[in-house]
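Residue numbers (my numbering): 177 to 293.
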């Protein structure tokens, strides 16, 4: 590097611009992962309306599931927030509950109704 006294103003400005560019690129590299992580974290949560729309159920069903502790939630003030993975667990559990076991159904029916014949 040349002596500071012998450099022209243009050289100094060019060097400063280069250093500013390096600082900007460094800051950009440092800030993108944090912003991306925060955005990703926000994308992982749903509110009641989003969940109702996604699950195609009424909001009252969601509040009922929360009251029965069937659905995990985070309450921030009056707002309910749901992790997508917890929502999927809840939906899968409710689907498996709705499955009908034919043998159980027939046994229950036969126990309640005496067949005449």
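Where a beta carbon is used, it is the ideal one built from N, C-alpha and C, also for glycine.
Note that the coordinates shown come from a computational prediction; the quantities given were computed from them, not determined experimentally.
| said: For the ligand GTP, I want to know if residue 198 counts as a neighbour, meaning its beta carbon is within less than 7 Å of at least one of the ligand's heavy atoms. | reply: In the structure on display, the ligand GTP does not appear, and there are no ligands present to speak of.
| request: Would you check if the distance between the CB atom of residue 251 and the CB atom of residue 262 is smaller than 8 Å? | output: Position 75 of the chain shown, counted from the start, is the residue given in the question as residue 251. Position 86 of the chain shown, counted from the start, is the residue given in the question as residue 262. Contact flag unset, no.
| request: Would you tell me roughly how many angstroms separate the C-alpha atoms of residue 203 and residue 189, rounded to the nearest one? | output: Here residue 203 refers to the residue found at position 27 of the chain shown. Here residue 189 refers to the residue found at position 13 of the chain shown. Cα-Cα distance, rounded: 21 Å.
| field | Reduced DSSP category for residue 259 - H, G, I as helix; E, B as strand; rest coil | value | Locating residue 259 in the chain shown gives position 83, where the first residue counts as 1. Residue 259: strand per DSSP, three-state reduction.
| Alpha carbon of residue 257 to alpha carbon of residue 195, nearest angstrom | As a first step, residue 257 is located in the chain shown; it is residue number 81 there, counting from the start. As a first step, residue 195 is located in the chain shown; it is residue number 19 there, counting from the start. Each residue's alpha carbon lies about 44 Å from the other.
| query | Which same chain residues, not among the five before or five after residue 260, have their C-beta less than 6 Å away from its C-beta? | reply | Within the chain shown, residue 260 is the residue found at index 84, counting from 1. Within the same chain, residue 260 has close Cβ partners 220.
| query | On the three-state DSSP scale, how would you describe residue 221? | reply | If you number the chain shown from 1, residue 221 lands on position 45. Of the three classes helix, strand and coil, the one that applies to residue 221 here is strand, per DSSP.
| message | With a threshold of 7 Å on Cβ separation, who are the neighbours of residue 231 within its own chain once the five nearest residues in sequence on each side are excluded? | response | As a position in the chain shown, residue 231 is number 55, starting the count at 1. Around residue 231: 267.
| field | Cutoff 7 Å; reference residue 229; Cβ partners in own chain excluding five residues on either side | value | Here residue 229 refers to the residue found at position 53 of the chain shown. For residue 229, where only same-chain residues beyond five positions count, there are no Cβ hits under 7 Å.
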